[in-house]
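In terms of our numbering, the numbers along the sequence shown are unbroken and rise by one, the last being 747. Virtual Cβ for every residue (Gly too), placed ideally from N, Cα, C.
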Amino acid sequence: MKKLLADRVQWWFGLALVLITLSASGVVHSLPATGSLLPIPADIERTQGHFELKRDYRITIYGRELERVARGARRFSEQLGLMLETSLQLSELGTAMARPFEALAADIEITVTGVTGRYPSINTDESYQLNISSKAIRISSTSGYGALHALQTLLQLARVEQGGIRWPAVNIQDAPRFKWRGLLQDVVRHWMPAVVIKRQLDAMSAAKMNVLHLHLSDDESFRVESLRFPLLNSLGSDGDYFRQDEIAELVEYAADRAIRLVPEFDLPGHSRSWQIAYPQLSSRAGKAYQLYKKDQLFSDPLDPTKEKNIQFIKTLIGEMSALFPDLYLHMGGDEVNYDAWLKNDEILAFMRANGLEKPQDLQAYFIRRYYDILTDLGKVAIGWEEILHKTMPEDAVLHIWLKQRFPGESARHPLLVSGGYYLDLMHTAYAHYQRDPLDVVIDGLNAEQRDTVEKNFLGGEAASWSEHINAHTVDMRNWPRAAAIAERFWSPRAVCDAMGEDNLYTRLFAFSDQLEKLGLRHRSHPVKAMVSLAGNGGNVDALTVLASVAEPASEHINNEYGRLFAHITGLTWFTEFAEESYPVARFLEHIPPESEVAWRFNRQIERLITKKLGDQEIQALKQQLTTWSLNHQKLEETFSRSTLLKNDNVELLSELMSALAGFGLQAVTAIENNKPLSQRVLSFGREVIEKCAYLDHSLEIEEEYVIKSLFRPRGLRMHVLPIQRGIQQLYLAVELI
Numbered sequence: 011m012k013k014l015l016a017d018r019v020q021w022w023f024g025l026a027l028v029l030i031t032l033s034a035s036g037v038v039h040s041l042p043a044t045g046s047l048l049p050i051p052a053d054i055e056r057t058q059g060h061f062e063l064k065r066d067y068r069i070t071i072y073g074r075e076l077e078r079v080a081r082g083a084r085r086f087s088e089q090l091g092l093m094l095e096t097s098l099q100l101s102e103l104g105t106a107m108a109r110p111f112e113a114l115a116a117d118i119e120i121t122v123t124g125v126t127g128r129y130p131s132i133n134t135d136e137s138y139q140l141n142i143s144s145k146a147i148r149i150s151s152t153s154g155y156g157a158l159h160a161l162q163t164l165l166q167l168a169r170v171e172q173g174g175i176r177w178p179a180v181n182i183q184d185a186p187r188f189k190w191r192g193l194l195q196d197v198v199r200h201w202m203p204a205v206v207i208k209r210q211l212d213a214m215s216a217a218k219m220n221v222l223h224l225h226l227s228d229d230e231s232f233r234v235e236s237l238r239f240p241l242l243n244s245l246g247s248d249g250d251y252f253r254q255d256e257i258a259e260l261v262e263y264a265a266d267r268a269i270r271l272v273p274e275f276d277l278p279g280h281s282r283s284w285q286i287a288y289p290q291l292s293s294r295a296g297k298a299y300q301l302y303k304k305d306q307l308f309s310d311p312l313d314p315t316k317e318k319n320i321q322f323i324k325t326l327i328g329e330m331s332a333l334f335p336d337l338y339l340h341m342g343g344d345e346v347n348y349d350a351w352l353k354n355d356e357i358l359a360f361m362r363a364n365g366l367e368k369p370q371d372l373q374a375y376f377i378r379r380y381y382d383i384l385t386d387l388g389k390v391a392i393g394w395e396e397i398l399h400k401t402m403p404e405d406a407v408l409h410i411w412l413k414q415r416f417p418g419e420s421a422r423h424p425l426l427v428s429g430g431y432y433l434d435l436m437h438t439a440y441a442h443y444q445r446d447p448l449d450v451v452i453d454g455l456n457a458e459q460r461d462t463v464e465k466n467f468l469g470g471e472a473a474s475w476s477e478h479i480n481a482h483t484v485d486m487r488n489w490p491r492a493a494a495i496a497e498r499f500w501s502p503r504a505v506c507d508a509m510g511e512d513n514l515y516t517r518l519f520a521f522s523d524q525l526e527k528l529g530l531r532h533r534s535h536p537v538k539a540m541v542s543l544a545g546n547g548g549n550v551d552a553l554t555v556l557a558s559v560a561e562p563a564s565e566h567i568n569n570e571y572g573r574l575f576a577h578i579t580g581l582t583w584f585t586e587f588a589e590e591s592y593p594v595a596r597f598l599e600h601i602p603p604e605s606e607v608a609w610r611f612n613r614q615i616e617r618l619i620t621k622k623l624g625d626q627e628i629q630a631l632k633q634q635l636t637t638w639s640l641n642h643q644k645l646e647e648t649f650s651r652s653t654l655l656k657n658d659n660v661e662l663l664s665e666l667m668s669a670l671a672g673f674g675l676q677a678v679t680a681i682e683n684n685k686p687l688s689q690r691v692l693s694f695g696r697e698v699i700e701k702c703a704y705l706d707h708s709l710e711i712e713e714e715y716v717i718k719s720l721f722r723p724r725g726l727r728m729h730v731l732p733i734q735r736g737i738q739q740l741y742l743a744v745e746l747i
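Here you go:
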């Protein structure tokens, strides 16, 4: 066993060893450091040598139903050229039913042994084997979709060396941990056109995610063309929606990348757009609704007691479900406001006549009718956790987003988890990564229930709600953080549990480079946004420098503000809003959730303090701090001109960033020369650090901490300066000199 481990720890890319011992099955696993691979394969073994291409290359594919694999191979070739900026090209792509005994040797050979199917499904075999030797690259998979995943791994392993493309010799046996590895994208609150959705699909493919859950209807708009009920588009939307031919195109685009499209049509709540288009659906007769205009946090639900309404839904969902070939359809079912039902005499009479004691029972009645509609259409129903009820059949999928409300009852259902994976809450990638999806649902269960949950567990979804996100900012808000969640869903739990923060972020930043070359705008958008925020004559370069080291405060903190406000005043805090006039134009909405620049800076400070930084690196660090320390004075005129920046007190953020850097520069010089700082300088540093104490991005925030934060200046409640971590380390280090 020791020799086996020793053989596998050799790895050409040179990151830290991750060693996994006993897995849940009792089998001993080992995993070498994995370079830029993300997600980490289930089993990987480094062998001797490498495979190198110094000429145009050939790919041959063997098997049946190879159209998607062939398109994937061409796409692989194009992406290889983009990522490595190489002139080498695919010279020949061949397909055949079976490999001849004396086949012409191909550089990359793909063998698909089973049936691929026109579309991926929940039961698709996504496993693959990848063998790279000094002679050739060979991929084997049961389905073509597994081969597509193998090509993504191959893409991440490729390097340009000495004018050619080089891969390390390696054997990989890989398969996903969970069948369902999704991204929920809300396209309602702010519209996301097809070109934006395609970028999300490209990124998902790179991260081996396999379900795009599209939230297609809500209070603000109905986002799919309906030929049966056209008023949903002319009155029930703001004019932006997917045509049916666009949906068909997206389905094919996704399938080419081994991704399923699962739609959500949320009922009975979140349905104001339906009621605007067809008022007869409403629970409040005669009430006039408007898109994007809220008079309460959760809108009035439709009236589930009228059979005509049920038939309307049956016809519409029948039309919608035909557009999506996947077996699953999401019913929503969350956040139902019962007030309209309880004030409607006809609805109350219906409840009494049908033995429905509580409004929750009426909600369950409607969800069961929705479930039956989907069952008749041959679909499997999914619903948010609020659908859990004794009347709900066991095959309905329960989607956990808050917590597990009735552990014993929910254990019998197939389960999905999004709790802990809400991208719009601005938590760090590592905070998401530290939460295993199974832990969300097994807490509080007995041994028998845990066993049932693990058998029924489908997987999870990262969630991207768009109240504060638009088509310009969505790439930046989703990526690369969603890739960390994707690894949790794909890679063995023991591997992820043992993964250190440095290893994750090193690979995440490499993945971010890959996404940028694939055309995602997560890095380019903040730079472009600073042009408009700086205004005419503003200093765009200096504002971009500030944007590179700032982060938006976690939305979780803002939600805590709301809970405290409601508790103290008794009034409702509207944390969910998406007004048509809301432009997503503030500074915090155009900076990344995590600063790569700040992360790297903080790591350099750690290396400095532990004496692992060379002289040239120290000088580069001092130059960076000098640039930051002088940045605020370059922005003073810009702040005087920009109302948007002034309203959010970004000027204070800028002032403190330069003050932190100024102290940091003196501290680095003191450490370099081993000379103490004066008490005056130390006092100044302590004061600045305390003013911009880092607002924690963790998933759990103490109420006392939030109360204290309420008294902070607006600019510091809404933004954070993560370089404060490194500066604080410097302060502690110079105190000891």
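Taking C-beta to C-beta, are residue i and residue j nearer than 8 Å?
i             : j                 : result
glutamate 471 : serine 428        : yes
serine 231    : serine 247        : yes
valine 678    : leucine 740       : yes
proline 49    : alanine 217       : yes
histidine 600 : leucine 663       : no
glycine 342   : leucine 277       : yes
glycine 469   : phenylalanine 188 : yes
valine 407    : leucine 426       : yes
proline 490   : leucine 455       : no
alanine 116   : isoleucine 142    : no
serine 283    : serine 227        : yes
lysine 621    : leucine 675       : no
alanine 539   : serine 652        : no
arginine 610  : serine 46         : no
leucine 366   : tyrosine 375      : yes
leucine 748   : alanine 481       : Here the chain comprises residues numbered 11 to 747, so residue 748 is not present and cannot be evaluated.
Quick check on DSSP: helix, strand or coil for residue i?
i                 : result
glutamine 172     : coil
phenylalanine 232 : strand
phenylalanine 275 : strand
histidine 159     : helix
leucine 245       : coil
leucine 224       : strand
aspartate 313     : coil
arginine 148      : strand
proline 562       : strand
alanine 141       : One detail in the question is off: residue 141 reads as asparagine in this sequence, not alanine. In the structure shown, asparagine 141 sits in a strand (DSSP, three-state: E or B).
glutamate 616     : helix
aspartate 53      : strand
glutamate 604     : coil
Mind checking which residues open and close the beta strand (DSSP E) that includes residue i?
i            : result
tyrosine 338 : 338–342
For the alpha helix (DSSP H) containing residue i, name the first residue and the last one.
i                 : result
phenylalanine 673 : 660–683
serine 693        : 689–701
serine 522        : 511–527
glutamine 210     : 204–216
valine 484        : 484–488
Among residues of its own chain, excluding the 5 on either side of residue i, which ones have a beta-carbon nearer than 7 Å to its beta-carbon?
i              : result
leucine 211    : Leu222, Tyr263, Ala264, Arg267 and Ile269
tyrosine 325   : For the sequence presented, residue 325 should be read as threonine rather than tyrosine. Within the same chain, threonine 325 has close Cβ partners Arg238.
aspartate 485  : Arg209, Leu530, Arg531, His532 and His535
glutamate 646  : none
asparagine 181 : Glu55, Thr57 and Asn141
Which same chain residues end up closer than 8 Å to residue i when comparing Cβ atoms and leaving out the 5 residues on each side of it in sequence?
i          : result
valine 125 : Arg74, Glu75 and Ser153
Who are the Cβ neighbours of residue i in its own chain at under 6 Å, not counting the five residues just before and after it?
i             : result
aspartate 196 : His225, Trp475 and Ser476
glutamine 738 : Ile699
glutamine 99  : Asp66
glutamine 373 : Val346
alanine 287   : Leu241, Leu242, Leu245 and Gly246
lysine 644    : Asn549 and Ala552
Could you tell me whether any Cβ in chain D is nearer than 8 Å to the Cβ of residue i?
i             : result
threonine 123 : Here chain D cannot be found, since the structure has a single protein chain.
At what residue ranges does the stretch 57–112 contain a whole run of the alpha helix (DSSP H), taking only runs of 4 or more? When DSSP assignments are scanned along the stretch 57–112, the uninterrupted stretches of alpha helix (DSSP H) that are 4 or more residues long and fall wholly within it turn out to be 77–94.
Ignoring anything shorter than 3 residues or poking outside the stretch 171–202, list the beta strand (DSSP E) runs there in chain order. 174–184 and 190–196
Write down every uninterrupted run of the alpha helix (DSSP H) in the stretch 400–481 whose length is 4 residues or greater and which is fully enclosed by it, in chain order. 417–420, 439–443, 447–452 and 457–466
Ignoring anything shorter than 4 residues, give me the alpha helix (DSSP H) runs that lie fully in the stretch 311–396, in order along the chain. You should have 317–331, 349–352, 355–363 and 369–386.
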